[in-house]
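Q:
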Amino acid sequence: MARPLDVAIFIRAFEGGGAQRDAILLANALSRLGVGVAIVTLQPEGPFAQLVAPEVEVVTLRPRKLRYALPALRGVLLKRRPRAVLSSEAAPNVLTYLAARSLPRATRPHILLREVASPSAARDGDPSLQGRLAYRFVGRVYRAASRVLVLAAGARDDLIQNFGVPAQQIHVMRSNAVIDPATEARLSKAAFDHPRERGLIVWVGRLSPEKDPLLAVEALSLLPASSGAHLRFIGEGAMKDAILARAAELGVADRVSVAGHVSDPFQSLLAAELAVCTSRFEGFGNAIVEALACGTPVVATDCPWGPREILEGGRYGTMVPVGDAPGLAAAIVRALKSPPDRAALRERASRYRTGTAAREFIDVLDELD
955 MARPLDVAIF IRAFEGGGAQ RDAILLANAL SRLGVGVAIV TLQPEGPFAQ LVAPEVEVVT
1015 LRPRKLRYAL PALRGVLLKR RPRAVLSSEA APNVLTYLAA RSLPRATRPH ILLREVASPS
1075 AARDGDPSLQ GRLAYRFVGR VYRAASRVLV LAAGARDDLI QNFGVPAQQI HVMRSNAVID
1135 PATEARLSKA AFDHPRERGL IVWVGRLSPE KDPLLAVEAL SLLPASSGAH LRFIGEGAMK
1195 DAILARAAEL GVADRVSVAG HVSDPFQSLL AAELAVCTSR FEGFGNAIVE ALACGTPVVA
1255 TDCPWGPREI LEGGRYGTMV PVGDAPGLAA AIVRALKSPP DRAALRERAS RYRTGTAARE
1315 FIDVLDELD
């Protein structure tokens, strides 16, 4: 017999980006605190499957397409009767809301929806058509949810001003589940002792237009070869060929590599002298926290909304305007020449530990009961 379930966390698949990874790490942390948690997913195969703690239950829905999953998700919620259901991203959020609200009131869980993007920007710029369509409905959905969890104050203001979500419906999470205990223990010494590769700049994320990876290539092309700067992309996506083609066009093909998905991005971040984030919009920016946890300096675009809040407007990293290749190049040069305060960077990253995020989530849930 399945154990009592406190929280069902719905994610589309065990692959993707920060929204999927930190949902899994949050589930692990909740379980460590004694919360009965299950991850409900359409596709349990994928690179993130290895992140799921053994004690966290995985429930696989059939069919495996989001647009057909409403009856199956409703059935899981009706059968297991969790205290709360949590999901992330616009399209899964709409589905989760519909599944939960269709239940009899006596069996209906608290509906907690995470907005993990910059909603106004994502409404037109989300890489998936499904996501863009979902943003047409999130105002109505979020207004009826038990709580909407956001990872940046800018996202809260956006939802209030542009989607009509009442302020009292929104909770700005002070932490996010990025650095788990095993990673923290591993990085505590490695961040200071690991050898750094001269000139290595690492970019981590989905290779898609809203992340603007071509901006990093263009900035690199403005740096002289004598600088030793070379750029390593970590991630998968539709823009891989475009990145390599643009690098060849700008004459820097020998200084640009695309590693694809790697199970351990921390290895490259520990080896890097610098990490860059070139997004046009971000709900948060897990890769920035991961770099800081490695004691690696960060240069990031000042996009809505996450990077500015993580870096405190430039206190813990350098901010440049969105789309500004010369500005990014100049910031890279300065960063590569400046000795970093690795202890300060790691101290900033420590705010985003999985245990901290899990305890805050429990506090939010307790307020609803």
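If you're matching positions, the sequence shown starts at 955 in this note's numbering and goes up one per residue. Idealized CB from N, CA, C, for every residue including glycine.
Since Glu1069 is in the beta strand (DSSP E), which residue starts that stretch and which ends it?
A: In the sequence shown, residue 1069 corresponds to position 115, counting from 1. Counting along the chain, the beta strand (DSSP E) containing Glu1069 begins and ends at His1064 to Glu1069.
Q: Report buried or exposed for Gly990, applying the criterion of at least 16 other Cβ atoms within 10 angstroms of its Cβ.
A: If you number the sequence shown from 1, residue 990 lands on position 36. That one is buried.
Q: Report the rounded CA-to-CA distance for Ala1170 versus Val1230, giving the unit in angstroms.
A: On the sequence shown, residue 1170 is found 216 positions in, with the first residue counted as 1. On the sequence shown, residue 1230 is found 276 positions in, with the first residue counted as 1. If I take the Cα positions, the gap works out to 8 Å.
Q: Any idea if Tyr1022 is buried or exposed, counting beta-carbon neighbours within 10 angstroms, 16 or more meaning buried?
A: Taking the first residue of the sequence shown as position 1, residue 1022 is located at position 68. Tyr1022 comes out exposed.
Q: Counting pairs of beta carbons, one from the segment 1040-1050 and one from the segment 1071-1085, are three or more of them closer than 8 Å?
A: Short answer: they touch.
Q: Using 8 Å as the threshold, is the C-beta distance between Leu1066 and Tyr1051 below it?
A: Numbered from its first residue, the sequence shown carries residue 1066 at position 112. Numbered from its first residue, the sequence shown carries residue 1051 at position 97. No, the pair does not count as a contact, with Cβ atoms beyond the cut-off.
Q: Tell me whether Ser1162 sits in a helix, a strand or coil according to DSSP, three-state version.
A: Start at 1 with the first residue of the sequence shown, and residue 1162 comes out as number 208. In the structure shown, Ser1162 sits in coil (DSSP, three-state: anything other than H, G, I, E or B).
Q: Work out the CA separation of Ile978 and Ala1324 for me, nearest whole Å.
A: Not covered by the structure: residue 1324. The range shown for the chain is 955 to 1323.
Q: Considering only DSSP beta bridges, list what Leu1154 is partnered with.
A: Sequence index remark: in the sequence shown, residue 1154 carries index 200 (1-based). DSSP output for Leu1154 lists His1184 as bridge partner(s).
Q: How about Arg1300 and Gly1268: do their beta carbons lie closer than 8 Å?
A: The residue you call residue 1300 lines up with position 346 of the sequence shown. The residue you call residue 1268 lines up with position 314 of the sequence shown. Taking 8 Å as the Cβ cut-off, Arg1300 and Gly1268 do not qualify as a contacting pair.
Q: Just mark Phe1117 as buried or exposed, buried being the case when its beta carbon has 16 or more other beta carbons within 10 Å.
A: As a working mapping, residue 1117 is identified with position 163 in the sequence shown. Buried is the call here.
Q: Please state whether DSSP places Phe1235 in a helix, a strand or coil.
A: Taking the first residue of the sequence shown as position 1, residue 1235 is located at position 281. The answer is coil: DSSP assigns Phe1235 none of H, G, I, E or B.
Q: So, with DSSP's three-state summary, where would you put Thr1250?
A: Taking the first residue of the sequence shown as position 1, residue 1250 is located at position 296. Coil.
Q: Ordered along the chain, which non-local residues of its own chain (more than five positions away) have a Cβ less than 6 Å from that of Ala992?
A: The residue given as residue 992 occupies position 38 in the sequence shown. Once the five neighbours on either side are set aside, the close Cβ partners of Ala992 are Leu959, Ala962, Glu1011 and Val1013.
Q: Based on the DSSP output, what are the partners of Phe964 in its beta bridges?
A: As a position in the sequence shown, residue 964 is number 10, starting the count at 1. DSSP, once it has assigned bridges, lists Val994 and Ser1041 as partnering Phe964.
Q: Per DSSP, which one or two residues make a beta bridge with Thr1272?
A: Numbered from its first residue, the sequence shown carries residue 1272 at position 318. Thr1272 is bridged to Val1253.
Q: Please tell me whether Ala1007 and Thr1308 are closer than 8 Å, where the distance is taken between their beta carbons.
A: Along the sequence shown, one-based indexing puts residue 1007 at 53. Along the sequence shown, one-based indexing puts residue 1308 at 354. Against a cut-off of 8 Å, the Cβ pair of Thr1308 and Ala1007 comes out as no contact.
Q: Quick check on Ser1072: buried or exposed, where buried means 16 or more other Cβ atoms within 10 Å of its Cβ?
A: Numbered from 1 along the sequence shown, position 118 holds the residue referred to as residue 1072. Looking at its Cβ environment, which holds 16 or more other Cβ atoms inside 10 Å, Ser1072 is buried.
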